[in-house]
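Structure, as structure tokens:
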Amino acid sequence: MNLQFNDDFFRWIEEHHNENPAVLRLKWAGRPLPFDLDAALIQIECRKKCAGKLSDTLGTSPRFYFPSILSAEQSTSDRLASFHSSLITEGGSVVDLTSGLGIDALHFASRAAEVTACERNKTLVDALNYNAEQLHLSDILKCISGDCRELATEWADNGHRFDCAFIDPARRAADGSRVYALAECEPDVISLLPVLSKIAGLLVIKMSPMLDITHTDKELGEKASAIIALGTPAECKELIALIDLGNPRPAGTSLLIEATTLTAAGSACTISFTASEEKDAECQSGEAKAGDYIYEAWPAVMKSGAGRLLAARFGLRTFHANTRLYHSGNLKDDFPGDIFEVQEVLPYASRIIKRFARKYPQISVAARNFGISADELRKRLGTKEGSGTIRVYGLTDACGERILIVCRKI
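Here this note's numbering is used: the first residue of the sequence shown is 16, the next is one more, and so on.
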């Protein structure tokens, strides 16, 4: 089926894009219109939901078509898709085995010479082919209908190969519950590896950020050349495994781990290391004082498992071994995380707790290796949650004592 929309369809959407879809439905129900009202209302709701994460795509293609609200909610963002496209072979051929709405495939098409997208849902197939045409990418990108497992087997039998294969397996079981292990996802990437090795040189797997990196490496049979923790300063969004299908990692070789944080300024901050480097890193503990700087790694860096290595690389001191914070007397402004200047260091004692709210009636509260949650600490201190500029850390120091560190974000 080829999707066709008249000018009235998108003109009506543009005229009413700021209005409430539910109100519009009541207002326009039953009126004769030269287009499907439900489809138009879906476009308005999806544009509202995706205004931030798909700003580039929607800005480039005003006639971008969303086949359903679910497809918009489940789609990746332009920012993440752009990073995914940086991993593929420039000017090569790519197959997206689980394309969905197709944001990744569209970004691949801006870098690759040929993109094949696979999707079981025919409605999504038609939508992606239509959107590729709107973006003048239909000569590069073709979406085909079918199960990627069957298509991959067919390509393997026919000797058809791609430079790169990308897969983002669904993380829900048949009963709707969440699953995380790769073997439990749909499709099962682990069982697909022998077939995929016959049709592609590089395999890129998008995975849940809930997975354990060490366990995932073992689940992949230690075939991954690298695993990337990808996120923003606020959260770790996903893990990505890179597998060189034609040249597996030699036995006994350490996995390369990367943590990449996409900052608000548009740049990407990356730190790379191996598990053996983390294990062998040497660091020193010490006590913080007023005027020092506190460092908290961004979520993707924390997820990557970099701990001792951060202290060693950036010349920082640690607190307790289980307190994932660092400090120094001199500012290290290239640290991959948030930096705070220490205002005062206080013992966690009843005389301090009783008077704390008088001086800091509103302050952001964080607990790191403290024995209680941040919410519980906030209640005990009697403060209201602040904006984050001024923060109090409840933490365990190098001597095993619980302390409070008040600091200001810089």
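Ideal Cβ positions, reconstructed from N, Cα and C, are used throughout, including at glycine.
No experiment lies behind these values; they were computed from the predicted model shown.
Which same chain residues, not among the five before or five after residue i, have their C-beta less than 8 Å away from its C-beta?
{"i": "residue 70", "result": "93"}
{"i": "residue 105", "result": "126 and 127"}
{"i": "residue 146", "result": "76, 79, 80, 117 and 121"}
{"i": "residue 168", "result": "210"}
{"i": "residue 389", "result": "380, 381, 382 and 409"}
{"i": "residue 191", "result": "none"}
{"i": "residue 316", "result": "244, 274, 276, 286, 325, 351 and 352"}
{"i": "residue 366", "result": "none"}
{"i": "residue 203", "result": "184 and 197"}
Considering only residues of the same chain and omitting the five flanking positions on each side of residue i, which have a CB-CB separation below 6 Å?
{"i": "residue 421", "result": "358, 359 and 407"}
{"i": "residue 64", "result": "87"}
{"i": "residue 397", "result": "372"}
{"i": "residue 377", "result": "399 and 401"}
{"i": "residue 258", "result": "218, 238 and 239"}
{"i": "residue 314", "result": "246, 250 and 251"}
Tell whether a beta-carbon distance below 8 Å holds between residue i and residue j.
{"i": "residue 177", "j": "residue 214", "result": "yes"}
{"i": "residue 312", "j": "residue 352", "result": "yes"}
{"i": "residue 321", "j": "residue 371", "result": "no"}
{"i": "residue 412", "j": "residue 297", "result": "no"}
{"i": "residue 60", "j": "residue 36", "result": "yes"}
{"i": "residue 75", "j": "residue 139", "result": "no"}
{"i": "residue 143", "j": "residue 158", "result": "yes"}
{"i": "residue 440", "j": "residue 210", "result": "Residue 440 falls outside the range modelled here, since the chain spans only 16 to 425, and no answer is possible."}
{"i": "residue 20", "j": "residue 50", "result": "yes"}
{"i": "residue 318", "j": "residue 329", "result": "no"}
{"i": "residue 425", "j": "residue 355", "result": "yes"}
{"i": "residue 110", "j": "residue 103", "result": "no"}
{"i": "residue 343", "j": "residue 308", "result": "yes"}
{"i": "residue 27", "j": "residue 55", "result": "yes"}
{"i": "residue 264", "j": "residue 304", "result": "no"}
{"i": "residue 410", "j": "residue 334", "result": "yes"}
{"i": "residue 340", "j": "residue 383", "result": "yes"}
{"i": "residue 271", "j": "residue 234", "result": "no"}
{"i": "residue 155", "j": "residue 124", "result": "yes"}
For residue i, count neighbouring Cβ atoms within 10 angstroms of its own Cβ and tell me buried if that reaches 16, exposed if not.
{"i": "residue 6", "result": "Absent from the structure is residue 6, since the part of the chain shown begins at 16 and ends at 425."}
{"i": "residue 121", "result": "buried"}
{"i": "residue 38", "result": "exposed"}
{"i": "residue 45", "result": "exposed"}
{"i": "residue 187", "result": "exposed"}
{"i": "residue 72", "result": "buried"}
{"i": "residue 193", "result": "exposed"}
{"i": "residue 58", "result": "buried"}
{"i": "residue 418", "result": "buried"}
{"i": "residue 113", "result": "buried"}
{"i": "residue 254", "result": "buried"}
{"i": "residue 99", "result": "buried"}
{"i": "residue 134", "result": "buried"}
{"i": "residue 387", "result": "exposed"}
{"i": "residue 251", "result": "buried"}
{"i": "residue 12", "result": "Residue coverage of the chain in this structure runs from 16 to 425, which leaves residue 12 outside it and unanswerable."}
{"i": "residue 261", "result": "exposed"}
{"i": "residue 119", "result": "buried"}
{"i": "residue 404", "result": "exposed"}
{"i": "residue 207", "result": "buried"}
{"i": "residue 236", "result": "exposed"}
{"i": "residue 232", "result": "buried"}
{"i": "residue 267", "result": "exposed"}
Residues in the same chain with beta-carbon distance under 7 Å from residue i, minus the five sequence neighbours each way, listed in chain order, please.
{"i": "residue 107", "result": "127, 128, 178 and 179"}
{"i": "residue 32", "result": "59 and 62"}
{"i": "residue 201", "result": "184 and 185"}
{"i": "residue 324", "result": "288, 292, 293 and 296"}
{"i": "residue 269", "result": "289, 290 and 291"}
{"i": "residue 306", "result": "357"}
{"i": "residue 368", "result": "395 and 396"}
{"i": "residue 393", "result": "380 and 400"}
{"i": "residue 68", "result": "92 and 93"}
Establish whether the CB of residue i and some CB of chain C are separated by less than 8 Å.
{"i": "residue 69", "result": "The question asks about chain C, but that chain is absent: this structure has only one protein chain."}
Report yes if the C-beta of residue i is less than 7 Å from at least one heavy atom of the ligand COA; otherwise report no.
{"i": "residue 355", "result": "As presented, the structure is devoid of all ligands, the ligand COA included, so that no description of it is given."}
Original post:
What are the start and end residues of each continuous alpha helix (DSSP H) run of 4 or more residues lying completely inside the region 177-214, in chain order?
Top reply: 204-214
Quick check: the region 240-260 against the region 277-288, are there 3 or more CB pairs under 8 Å? yes
- In the region 252-285, which residue ranges form an unbroken alpha helix (DSSP H) of at least 4 residues, counting only runs that do not cross its ends? none
Exercise for review: Counting only runs of 3+ residues fully inside the region 376-425, write out the beta strand (DSSP E) ranges in chain order.
Suggested key: 379-383, 405-411 and 417-424
Evaluate contact between the region 215-229 and the region 150-165, counting only Cβ atoms and requiring at least three cross-stretch pairs below 8 Å.
no
**Asked** At what residue ranges does the region 280-314 contain a whole run of the beta strand (DSSP E), taking only runs of 3 or more?
**Response** 283-289 and 308-312
Checklist entry - Considering only residues of the region 105-145, which uninterrupted alpha helix (DSSP H) runs meet the minimum length of 4 residues and lie entirely inside it, listed in chain order? => result 118-124
- Query: Which runs of the alpha helix (DSSP H) fall wholly inside the region 22-104 and span at least 4 residues, in chain order?
  - Reply: 22-30, 36-43, 52-64, 70-75, 84-89 and 93-100
- Task: Note down, one range per segment and in chain order, each beta strand (DSSP E) of at least 3 residues found wholly within the region 312-363.
- Result: 341-343 and 352-362
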